[in-house]
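Trainee:
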Amino acid sequence: MDLKKIRLFLFDMDGTLYLGDRLFSFTRPLLDAIRQAGKTYLFMTNNSSKSVGDYVKKLERLGIPAAYDDFITSSQATADYLTANHPKVKFYVCGTRSFKEELSGAGVLVCDAYAEDIGGVVMGYDTELTYQKLDDVSRLLTLRDIPYIAANPDLVCPTEYGYVPDCGSVCGMIYNATGKRPHYIGKPRPEMPLAAVARIAKRDAGVCPDTTLVVGDRLYTDIACAVAAGIHSLLVLSGESTLSDVEKSEVKPELILRDCAELLEKIQ
Ligand SMILES: [Mg+2]
């Protein structure tokens, strides 16, 4: 892979551009250098509990100016998938208020109470989960054979004290009750990076899978989604993964660097 030929950079955020609430010193110079070269970067996240607006605020707080169009999220990719594959279907959505707004804003028919005309179920990372929602989803999936989609497969989400259950864990509860498993959208599935390539290729004809690079710190999500999408991959060791994880992993990145400071050196 020739890094100088890359025109679209898809960045994982935590562990790649910052750690928790600490921005890495090289992040701003790297993002500026990509823009100055006339190239594009997007922030790519599996977290379907926050809206893009929430992420814009978080990045601005850390000192990175960001706009709505700078993101590709599992919520957006889920909306794309639903409108392309199940148009005009009314979906029961088990997710946060932000998630439901994002889907309905993209044209998905969203419903959050049990009704006879519901034609599918969507799960997000629901930090506003109630037992009523679990009951509604179980009822729908038990009584009907309908499309069942989940925004992201993560079992847990990191917090300042450890972890909390994420979308994949709640889908595990639903599986125990109904025997049904969802079609997942977020990393490690290829939908998000491919949606990003399709979106940016509309304004930069030079963007295709071969000129796109996924940069992240997790092998089983970031690197796996790049491999599944046929897109170049770069693992940085500034977050979760170590070199011994790479040796043990079946998923191998094309390139490994200490952090994005090294990426900045190589693209200049
Ligand atoms: Mg990460």
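In terms of the numbering used here, the sequence shown opens at residue 1263 and continues consecutively.
Just so it is clear, CB atoms sit at the ideal spot from N, CA and C, and this is done for glycine as well.
In this text, all values refer to a predicted model and were calculated from it rather than measured experimentally.
1) Beta carbon of ASP1479, beta carbon of GLU1502: below 8 Å?
2) Under 7 Å from any heavy atom of ligand 1, does the C-beta of ARG1520 make it?
3) Check whether the segment 1270-1289 touches the segment 1299-1311, taking contact to mean three or more Cβ pairs, one atom from each stretch, closer than 8 Å.
4) Considering only residues of the same chain and omitting the five flanking positions on each side of GLU1453, which have a CB-CB separation below 7 Å?
5) Enumerate in chain order the residues of its own chain whose CB-to-CB distance from THR1474 is below 6 Å, with the five nearest sequence positions on each side excluded.
6) Got a sec? Which residues, its chain only, sit under 7 Å from ASP1484 by beta carbon, not counting five neighbours each side?
7) Determine the closest residue to ALA1413 out of GLY1282, ALA1486, LYS1312, with distance taken between C-alpha atoms.
8) In whole angstroms, what is the alpha-carbon distance linking VAL1489 and THR1307?
9) Does any heavy atom of ligand 1 sit closer than 7 Å to the C-beta of ARG1480?
10) Determine whether the beta carbon atoms of HIS1445 and TYR1423 lie at a separation below 8 Å.
11) Let me make sure I understand the geometry here. Which of SER1310, GLU1322, ILE1326, LYS1267 has the alpha-carbon closest to that of PHE1288?
12) On the CB-based measure, 16 or more other CB atoms within 10 Å of its CB, does LEU1519 come out buried or exposed?
13) Nearest CA to the CA of CYS1487: which residue from SER1500, GLU1509, GLY1468, LEU1456?
14) Anyone know if the C-beta pair for GLU1527 and MET1263 falls short of 8 Å?
Mentor: Well, looking at it:
1) yes
2) no
3) yes
4) Cβ within range, chain order: ALA1339, TYR1343, ILE1447.
5) LEU1270, VAL1459, ILE1493
6) ASP1274, LYS1449, VAL1476, GLY1478
7) Distances from the alpha-carbon of ALA1413 to those of GLY1282, ALA1486, LYS1312 put LYS1312 closest.
8) Between VAL1489 and THR1307, the C-alpha separation is close to 17 Å.
9) ARG1480 Cβ: within cutoff of ligand 1.
10) no
11) ILE1326
12) buried
13) LEU1456
14) no
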